[in-house]
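Numbering (this note's numbering), first residue to last: 178 to 493. Glycine included, each C-beta is placed from N, C-alpha and C at the ideal position. Here the structure is a predicted model, which means the values were calculated and not measured. Single-structure report; data block below.
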């Protein structure tokens, strides 16, 4: 069998009915029951019926994406799928990876990510923060462009814009205050970026504006019991594998207001001898990034019974 990794998607991959293709698979039904019990609401109905606007609320998006990733993972394992050599998750997806590795139970993780989402939303009022994807420009130039854009507001200004998601060599997401993000988009396009696409999000995730949310998360995590991982987890913030509970907690706190170093995460996964990265959960966003990050790697997606069969054949 090929040496493979499982990677879990974050916000943006959600869609109404995203678990329908699993049918009534027992592992999916059990995952939905557990999450519903933990959150005190019918998660299955929220995912199946939406509406789309409800799924897009970050306090719903984060729990449902966790549930969808864990459901796919449990189907894989229940159908005889082997353990990956390593796991990771993009942003929120790191929590799904921690459940897969045994650090958190789903019953712990579901309320935790809802708390994280609420804290993030409270940190910056809706409409005052923004995010945008910068395409066709290398990360170093995006970082420099953000600094230049922020400087135009003068020393001591509260306007902030930072590079926060390093998704592939030619795609970097920026975040911060609305005016500063708009200024950076304008300046980066003028200096050669192919596109600057505003993202439909409700808060400037992973920017320094999320520090108040991180402080709340720190308190919450202090009272959360973490188990030792039985699969290595490459984290976003340090591109490191931690086994100590306090180190894992600290990384999760800093991840809330620090960048998602996904290009480096994929490199670290490859360095462990992995040749195939399987995206576990809805969509194909991460699978698509794999080839753009490293042409030597293979990306695959696991989101229904057909792709389960395909993934098993690919890894055989």
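Ordered list of beta strand (DSSP E) runs contained in the stretch 224 to 276, each at least 3 residues: Under the rule that a run must span 3 or more residues, the beta strand (DSSP E) segments found entirely inside the stretch 224 to 276 read 263 to 266.
With DSSP run on the structure shown, which of helix, strand or coil describes residue 345? For this step, residue 345 is matched to residue 168 along the chain shown. Residue 345: strand per DSSP, three-state reduction.
I need the straight-line Cα distance from residue 308 to residue 363, nearest angstrom please. As a first step, residue 308 is located in the chain shown; it is residue number 131 there, counting from the start. As a first step, residue 363 is located in the chain shown; it is residue number 186 there, counting from the start. Each residue's Cα considered, the two are about 13 Å apart.
Residue 404: first and last residue of the uninterrupted alpha helix (DSSP H) it sits in: For this step, residue 404 is matched to residue 227 along the chain shown. No alpha helix (DSSP H) contains residue 404, which DSSP labels as neither H nor E.
When 318, 394, 391, 332 are compared against residue 361, the one with the closest alpha-carbon: Taking the chain shown and counting its residues from 1, one reaches residue 361 at position 184. Cα-wise, what sits closest to residue 361 is 318.
Mind listing, in chain order, the continuous beta strand (DSSP E) runs of no fewer than 3 residues lying wholly within the stretch 294 to 343? The qualifying runs are 306 to 312.
Using a 10 Å radius around the Cβ and a threshold of 16 neighbouring Cβ atoms, would you call residue 473 buried or exposed? By 1-based counting over the chain shown, the position of residue 473 is 296. Exposed, by the Cβ-count rule.
Look at residue 239 and residue 290 and say whether their C-beta atoms are less than 9 Å apart. Against the chain shown, residue 239 aligns to sequence position 62. Against the chain shown, residue 290 aligns to sequence position 113. The Cβ atoms of residue 239 and residue 290 lie closer than 9 Å to each other.
Could you spell out the range, first to last residue, of the alpha helix (DSSP H) harbouring residue 441? Along the chain shown, read from residue 1 onward, the residue named residue 441 stands at position 264. Bounds of the alpha helix (DSSP H) holding residue 441 are 439 to 448.
If contacts are defined as beta-carbon pairs under 8 Å, then residue 465 and residue 476 qualify, I think. What distance do you get, rounded to the angstrom? Counted from its first residue, the chain shown places residue 465 at position 288. Counted from its first residue, the chain shown places residue 476 at position 299. Rounded, the Cβ-Cβ distance is 7 Å, consistent with contact.
Please report the Cβ distance between residue 343 and residue 383, rounded to the nearest whole angstrom; I am assuming they are in contact, meaning their Cβ atoms lie under 8 Å. For the purposes of this step, residue 343 is taken as the residue at position 166 of the chain shown. For the purposes of this step, residue 383 is taken as the residue at position 206 of the chain shown. Not quite, the Cβ-Cβ distance comes to about 10 Å (not below 8 Å), so this is no contact.
Is it buried or exposed for residue 203, if we count other Cβ within 10 angstroms and need 16 for buried? Taking the first residue of the chain shown as position 1, residue 203 is located at position 26. The residue is exposed, with fewer than 16 neighbouring Cβ atoms inside 10 Å.
Going by DSSP, which residues form a beta bridge with residue 456? Position 279 of the chain shown, counted from the start, is the residue given in the question as residue 456. Note: residue 456 sits in a beta bridge opposite 184, 478.
Going by DSSP, what residue range makes up the alpha helix (DSSP H) through residue 374? Walking along the chain shown from the start, residue 374 turns up at place 197. Looking at the DSSP string, residue 374 is not in any alpha helix (DSSP H); the run it does join, the beta strand (DSSP E), is 372 to 375.
How close, in whole Å, do the beta carbons of residue 312 and residue 370 come, if the pair is a contact with beta carbons under 8 Å? Residue 312 sits at position 135 when you count from the first residue of the chain shown. Residue 370 sits at position 193 when you count from the first residue of the chain shown. The Cβ separation is near 7 Å, so the contact holds.
Any beta carbon from chain B within less than 9 Å of residue 279's own beta carbon? Looking at the structure shown, chain B is missing, and only one protein chain is on hand.
How is residue 410 classed by DSSP in three states: helix, strand or coil? For the purposes of this step, residue 410 is taken as residue 233 along the chain shown, with counting starting at 1. In the three-state scheme derived from DSSP, where H, G and I count as helix and E and B as strand, residue 410 is classed as strand.
So, for residue 249: in the same chain, excluding its five sequence neighbours on each side, which residues have a beta-carbon less than 7 Å away from its beta-carbon? Here residue 249 refers to the residue found at position 72 when the chain shown is read from its first residue. Apart from the 5 residues on each side of it in sequence, residue 249 sits with its Cβ closer than 7 Å to the Cβ of 457, 458, 479, 480 in its chain, given in chain order.
Who are the near neighbours of residue 261 in its chain, counting only those whose CB is closer than 6 Å to its CB and skipping five residues on each side? Residue mapping note: residue 261 aligns to position 84 of the chain shown, counting from 1. Close CB contacts of residue 261 within its chain, under the 6 Å cut and outside five residues either way in sequence, are with 181, 182, 183 (chain order).
Can you grab the Cα-Cα spacing for the pair residue 211 / residue 470, in whole Å? Taking the chain shown and counting its residues from 1, the one referred to as residue 211 is at position 34. Taking the chain shown and counting its residues from 1, the one referred to as residue 470 is at position 293. When only Cα atoms are considered, residue 211 and residue 470 end up about 36 Å apart.
Grouping DSSP H, G and I as helix and E and B as strand, with all else coil, what is residue 193? Taking the chain shown and counting its residues from 1, the one referred to as residue 193 is at position 16. Annotated three-state conformation of residue 193 is coil, per DSSP.
Cβ shell of residue 316 (< 6 Å), same chain only, five flanking positions each side left out: Position 139 of the chain shown, counted from the first residue, corresponds to residue 316. The answer, listed in chain order, is 343, 349.
Contact set for residue 335: own chain, Cβ-Cβ below 8 Å, skip 5 residues either direction: Here residue 335 corresponds to residue number 158 of the chain shown, with the count starting at 1. Its chain contains 354 as the residues whose beta carbon lies nearer than 8 Å to that of residue 335, once the 5 sequence neighbours on both sides are disregarded; these appear in chain order.
Could you check how far apart the C-beta atoms of residue 303 and residue 381 are, in whole angstroms? I think they sit under 8 Å. In the chain shown, the residue the question calls residue 303 occupies position 126. In the chain shown, the residue the question calls residue 381 occupies position 204. Contact doesn't hold; Cβ gap of about 11 Å is too wide.
By how many angstroms is the C-alpha of residue 196 removed from the C-alpha of residue 216? Within the chain shown, numbered from 1, the residue matching residue 216 stands at position 39. Within the chain shown, numbered from 1, the residue matching residue 196 stands at position 19. Between the alpha carbons of residue 216 and residue 196 lies a gap of roughly 18 Å.
Roughly how many angstroms lie between the CA atoms of residue 314 and residue 358, to the nearest whole one? For the purposes of this step, residue 314 is taken as the residue at position 137 of the chain shown. For the purposes of this step, residue 358 is taken as the residue at position 181 of the chain shown. The straight-line gap from Cα to Cα measures roughly 16 Å.
Which residue from 229, 346, 199 puts its Cα closest to that of residue 494? Any property of residue 494 remains undetermined from this structure, which presents the chain solely from 178 to 493.
Spatial neighbours of residue 205 within its chain, please: C-beta separation below 7 Å, excluding the five flanking residues on both sides. Here residue 205 refers to the residue found at position 28 of the chain shown. Excluding five sequence positions before and after residue 205, the CB atoms of its chain that fall closer than 7 Å to its own CB belong to 196, 199, 248, 252, given in chain order.
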